[in-house]
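For the sequence shown, position 37 matches number 37 in UniProt numbering, and the numbering has no gaps at all.
Everything on this sheet refers to the single structure shown next.
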Amino acid sequence: MQLSTFTKVPSIPREQNYNDFPVTVRVKAPDMTVHLHAPVDIVAVIDVSESMGWDISRLNVVKRAMAKVIENIGAAGAENRLSIVAFNEQVKVATTLDEMTEKGKKSASKTVDELQPDGGTSFSVALEKAKQILDGREAKDRLAFIIFLSDGSDNFFYKERVPTAYPIHTFGISSDHSATTLKAMARLSSGSYTSITDEDLDKITEKLDQLSYKLTSIVGVDLSINLKSLHPGVSLSRIEPSEAHDGSKSEIGDDKKAATILVGPVSSGKESEFTVYLNVPEGQGNGTEGAMDVLMVGGSYKQSWDEKLITLDASVVTVKRPSFTPVPVPSSCKELDLIEERVKYWSKVKLDLSEMSDKAEAEAGVINVSGGNGEESKCQCQATMLAIMLRHCGCGGKTTPAITTENVPSTPALRTKAV
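Here it is in structure tokens:
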């Protein structure tokens, strides 16, 4: 498993502090080419209340999706086991944990196909049954998960009833489901939450396909990332995962000097990314160009197939702290002063000539449609003066005067002969 860090801000002037300095921490599991992962036990909890028969029959969509789940669990290894729990206001169906042999897959498929929508909704009785099935296993060291699918809500459900020993991966179907409750289930159990809208009901097959593959290809468990400040003035502000509801948890110490990211199980090829925000003070470190070591990142995990503890190589995040050097100001600008005087003189001459030309054309009957040469010349002179003044600002700290642009023509002047 690879642990890496990087930041898009490689340096901070030593005269400045930087609040919420972002550091990206990324961990990636290898793509396993051989079958090296632990067998899993999964309880699929399916809502079969009356509302699951609405629209195009939400339950039929779930049945098609579960067919893919059953196939994936069996394909990943016949030793993987699956239980089906169907509920409305009570538990309607509850099968034992059966290995996904050909016989086991056929039995699970038959159970799902025969489900019918009816009645109300009670999350508590369904979760209690799922917990009972997993708690009753002889081999409690096997990985265990709950998949929870519902389109409804339970006004009598309390977070204390969530079986936190097993990650719960919740799926909220349609806009009628209780997102608050399903998110709480996922958060409290280090699971995940997925919302499936009415318009995207068919996507539940894709989402369950991805989840079932993830759960049956876990190569590492108990993955944790450890963070430690390396400078007395550097503190940890907050930690954000790149994916919301990904099942991870982060804990920052009271002194803001250390933190732990609890990632949990990691599947083959899975990449997890987190942004760690630091508060970096003014000052410099002891390295080249005053480089400052701000954060140490390390971690560990257990291989899922033999529970061997693996320690990840630690890395140090370093930030350059160069000294801020202001742009030097020239001491003499006589040349620019001379140019400025000459431009002012010739600008006045040109404006006088333009006014004379406009007067002569007016006497000859020429109509200046858009303001005349005088205005155009005025615009050009102002542009020239602005360029000089901008350069002049660097020669003595002078403030650039405001350049008026009133009555400046936006297009070249057009002239027409009076008739």
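Glycine included, each C-beta is placed from N, C-alpha and C at the ideal position.
What residues match up with residue i in a beta bridge as DSSP calls it?
i, result
"T181", "According to DSSP, which records beta bridges pairwise, T181 is partnered with nothing at all."
"L230", "For L230, which the question treats as bridged, DSSP gives no partner whatsoever."
"Q2", "K28"
"L82", "I42, D98"
"residue 499", "Nothing can be reported for residue 499, as the shown portion of the chain is limited to 1 through 419."
"R238", "Y277"
"Y193", "T170"
"S224", "L262, S300"
"T318", "D293"
"T311", "S300"
To which residues of the same chain is residue i closer than 7 Å at the C-beta, ignoring the five residues directly before and after it?
i, result
"E251", "A259, T260"
"K159", "A184, L188"
"A76", "T216, S217"
"residue 441", "Nothing can be reported for residue 441, as the shown portion of the chain is limited to 1 through 419."
"F6", "T24"
What's the call for residue i, buried or exposed, on a 16-neighbour Cβ count within 10 Å?
i, result
"D154", "buried"
"P265", "buried"
"I204", "buried"
"K398", "For K398, the pLDDT reaches just 47, beneath the cut-off of 50, and the residue's location in the model is therefore unreliable, leaving the point undetermined."
"V319", "buried"
"G136", "exposed"
"A130", "buried"
"V419", "With a pLDDT of 33 at V419, under the threshold of 50, the predicted position of this residue should be treated as unreliable, and no value is reported."
"S175", "exposed"
"V369", "Because V369 sits at a pLDDT of 47, beneath the cut-off of 50, its placement in the model cannot be relied upon, and the point is left open."
"D141", "exposed"
"A179", "exposed"
"S200", "Per the sequence shown, residue 200 should be read as Asp rather than Ser. With fewer than 16 other Cβ atoms within 10 Å, it is exposed."
"K8", "exposed"
"A38", "buried"
"G247", "buried"
"residue 446", "This structure leaves residue 446 out entirely; the chain is present only between 1 and 419."
"residue 472", "Residue 472 lies beyond the stretch modelled for the chain, which goes from 1 to 419, so this question has no answer here."
"F324", "exposed"
"T288", "exposed"
"L134", "buried"
"A139", "exposed"
"L353", "exposed"
"N19", "exposed"
"S242", "exposed"
Per DSSP, what kind of secondary structure is residue i in: helix, strand or coil?
i, result
"V343", "helix"
"I12", "coil"
"K63", "helix"
"S166", "The residue you asked about is not Ser; residue 166 is Tyr in the sequence shown. If DSSP states are grouped into helix, strand and coil, Y166 belongs with coil."
"G77", "coil"
"F123", "helix"
"E71", "helix"
"A291", "coil"
"K270", "coil"
"R187", "helix"
"R137", "coil"
"V112", "helix"
"Q303", "strand"
"I147", "strand"
"G372", "Any reading at G372 is ruled out, since the residue's pLDDT is 49, under 50, leaving its predicted position unreliable."
"V349", "helix"
"residue 423", "Outside the displayed range of the chain (1 to 419) lies residue 423, so it cannot be described from this structure."
"L201", "coil"
"residue 496", "Coverage of the chain is limited to positions 1 through 419, which leaves residue 496 absent and any answer about it impossible."
"K398", "The predicted position of K398 is uncertain, since its pLDDT is 47 and thus under 50; a value taken from the coordinates is nonetheless stated next. In this structure, K398 counts as coil in the three-state DSSP scheme."
"K92", "strand"
"D246", "coil"
"D47", "strand"
Leaving out five residues before and five after residue i in sequence, what residues of the same chain have Cβ atoms less than 6 Å from its Cβ?
i, result
"S21", "Ser is not the amino acid found at residue 21; the sequence shown has Phe there. Correct list, in chain order: L278, V280."
"K228", "A258, M296"
"F123", "D154, F157"
"L3", "V27, G299, L312"
"V317", "T5, V23, V294, L295"
Spatial neighbours of residue i within its chain, please: CB distance less than 8 Å, with the 5 preceding and 5 following residues excluded, ordered by chain position.
i, result
"N17", "N279, V280, P281, E282"
"D202", "V61"
"D98", "R81, L82, S83, G104, S107, A108"
"V162", "L127, I168, A184, M185, L188, S189"
Answer yes or no: the CB of residue i versus the heavy atoms of the ligand PLP, is any distance below 6 Å?
i, result
"V349", "This structure lacks the ligand PLP; in fact it carries no ligand of any kind."
*Is the region 274-285 close to the region 229-245, with three or more CB pairs under 8 Å?*
With the cut-off at 8 Å, the region 274-285 and the region 229-245 touch.
*Examine the Cβ distances between the region 219-226 and the region 20-30 and report whether three or more of them are shorter than 8 Å.*
yes
*asked:* Taking contact to mean 3 or more Cβ pairs, one atom from each stretch, closer than 8 Å, check whether the region 73-82 and the region 99-107 are in contact.
replied: yes
*Check whether the region 111-129 touches the region 193-210, taking contact to mean three or more Cβ pairs, one atom from each stretch, closer than 8 Å.*
no
*Any 3 or more C-beta pairs closer than 8 Å across the region 293-304 and the region 43-55*: Touching, no, given that fewer than three Cβ pairs across the two stretches are closer than 8 Å.
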